[in-house]
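To convert, count from 1 in the sequence shown and add 34; that's this note's numbering.
All C-beta atoms in this analysis are idealised placements derived from N, C-alpha and C, irrespective of residue type, glycine included.
Nothing here was measured: the structure is a model prediction, and the numbers come from that model.
This report refers to the structure that appears directly beneath it.
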Amino acid sequence: MKHQPERTCIGCRSLFKKDEVVRLIAGPDGLLIDYREKLSGRAAYVCPKKECIAKALTKEALGRALRLKVRPPDVETFLSQLTASITEKIKELLAISMKAGKLAAGYSAVRDALEKGRVELLLYACDLSDGTREKLSVHSRESIRHETLFTRDVFGGILNRELVGVVAILDKGLADALWDQSQRLKGLINISE
Ligand SMILES: [Zn+2]
């Protein structure tokens, strides 16, 4: 693993790897989420957790970190923006995985991939039936990471299909990236298991 510089979250004051925190920049019209880390200027960092964001989005915390006066955005608005950015990133990664032929979608394709031991990450739709989930878990090793997010309809939309209840990622790097983003999303919203 490559070494990453550490950043302090202005909410909890703990140190994190660069990839684990969200970069904030003071823009001309207020605070900006620099999700792609492309914007320049003095930055503040916050971990993508509700509690930390609430603590970070105060005049005092932002003023200290950015060394200038910034009107803190509304926490709920900020959370929904951040949730939207992370969701967008996940959709992009899924589309990339599909184009690269590193994604299996739907029950039979995922079961085949599991039997061949090719699965790096399993993503279940939250409205997938317990029965289907259980049938797949028979083929799944304990060590395979899995997460529940989106609905069958949303997965279907990303993959140009009708409804997709389960997706398997077959590449380690893409699986790692999707795992990181889904954990970020989990810190922001409550995904029902
Ligand atoms: Zn924090």
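From the listed residues K93, R145 and D187, the smallest Cα separation to R167 is found for R145. Those residues whose C-beta sits under 7 Å from the nearest heavy atom of ligand 1 are, from N- to C-terminal order along the chain, C43, G45, C46, S48, V80, C81, K83 and C86. For L193, no beta strand (DSSP E) segment is defined, and its DSSP state is neither H nor E. Residue pairing by DSSP puts V201 in a beta bridge opposite A139 and L157.
For E126, there is no enclosing beta strand (DSSP E); the residue is part of the alpha helix (DSSP H) that begins and ends at V109 to K133.
Note that the C-beta distance between R57 and E71 is below 8 Å.
Between D164 and T185 a beta carbon distance of about 15 Å is seen, past the 8 Å cut, so the two are scored as non-contacting. Counting C-beta pairs with one atom in each stretch, the region 94-105 and the region 125-133 have fewer than three that are closer than 8 Å, which means they do not touch.
Look at K150 here: in three-state DSSP terms it is coil, with no helix or strand label. It is roughly 12 Å from the alpha-carbon of T42 to the alpha-carbon of A95. Cβ-Cβ distances below 7 Å link I192 to K125, L128 and A129 in the same chain, with the five nearest sequence neighbours on each side left out; the list follows chain order. Three or more beta-carbon pairs drawn from the region 146-153 and the region 194-204 are found closer than 8 Å, and the two stretches are therefore classed as touching.
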